[in-house]
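**Student:**
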Amino acid sequence: MTKLQLEKLINSKVLMVLPLFGVLLSSCSSDPSGTVAEGKMIYTDNCVACHSLKSSFNNQSSLLQLSSLDSVQLTIKIHGMRVDSIHAPYSRKLSDRDLQSISLYIKDVRTLRY
Ligand code: HEC
-13 MTKLQLEKLI NSKVLMVLPL FGVLLSSCSS DPSGTVAEGK MIYTDNCVAC
37 HSLKSSFNNQ SSLLQLSSLD SVQLTIKIHG MRVDSIHAPY SRKLSDRDLQ
87 SISLYIKDVR TLRY
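All residue numbers for the sequence shown refer to this note's numbering, where the first residue is -13 and numbers rise by one.
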């Protein structure tokens, strides 16, 4: 095998492996699972102005009221936020992972005692 053939072989192997790295990387960065801690930060930045912990004004549910929604209702509401007219301005820029983190945080509040 000549040096050229060897280089071609190595190159073709590298090219075959590259897409695999791509898939692995993208599946990491778009991991939709999220965390409670991230949810707390995102909620504080985007939601707490209207849905504060206990107080509820202008008929907006408090965080505690949101946390008492059942999981299915909460998931439907949170994932519909990017298109509902009240929430779109606050949630359009949030990723699926951000929304998932918010759901985890709201559900987590249920287990805390205030
Ligand atoms: C500008 C004020 C405002 C902001 C900011 C806001 N909301 Fe709302 N949200 C409302 C209003 C008004 C309603 C309808 C009344 C209600 O159910 O609280 C509502 C309803 C909801 C509901 C449904 C409550 C139910 O009982 O069905 C959820 C869940 C919710 N908001 C989550 C969020 C999350 C999460 C964020 C942050 C990404 C957010 N909201 C940001 C005003 C706001």
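Even glycine gets a Cβ: it sits at the ideal position worked out from N, Cα and C.
1. How long is the line joining the alpha carbons of ASN45 and LYS26, rounded to whole angstroms?
2. Between THR(-12), ASP84, ILE92, which lies nearest to PRO105 when the distance is taken from Cα to Cα?
3. Can you give the beta carbon distance from SER89 to LEU60, rounded, assuming they're within the 8 Å contact cut?
4. Quick check on VAL95: buried or exposed, where buried means 16 or more other Cβ atoms within 10 Å of its Cβ?
5. Hey, could you find the ends of the alpha helix (DSSP H) ASP82 is sitting in?
6. Classify PRO75 as helix, strand or coil using the three-state DSSP reduction.
**Tutor:** Looking at the coordinates:
1. By one-based count along the sequence shown, residue 45 stands at place 59. By one-based count along the sequence shown, residue 26 stands at place 40. Answer to the nearest angstrom: the Cα atoms are 22 Å apart.
2. Residue coverage of the chain in this structure runs from -13 to 100, which leaves residue 105 outside it and unanswerable.
3. For this step, residue 89 is matched to residue 103 along the sequence shown. For this step, residue 60 is matched to residue 74 along the sequence shown. Contact holds; Cβ gap of about 6 Å.
4. If you number the sequence shown from 1, residue 95 lands on position 109. When all chains shown are included, VAL95 counts as buried.
5. Position 96 of the sequence shown, counting from 1, holds the residue named residue 82. Taken as a continuous stretch (DSSP letters only), the alpha helix (DSSP H) holding ASP82 covers 82 to 96.
6. Along the sequence shown, one-based indexing puts residue 75 at 89. Here PRO75 sits in helix by DSSP.
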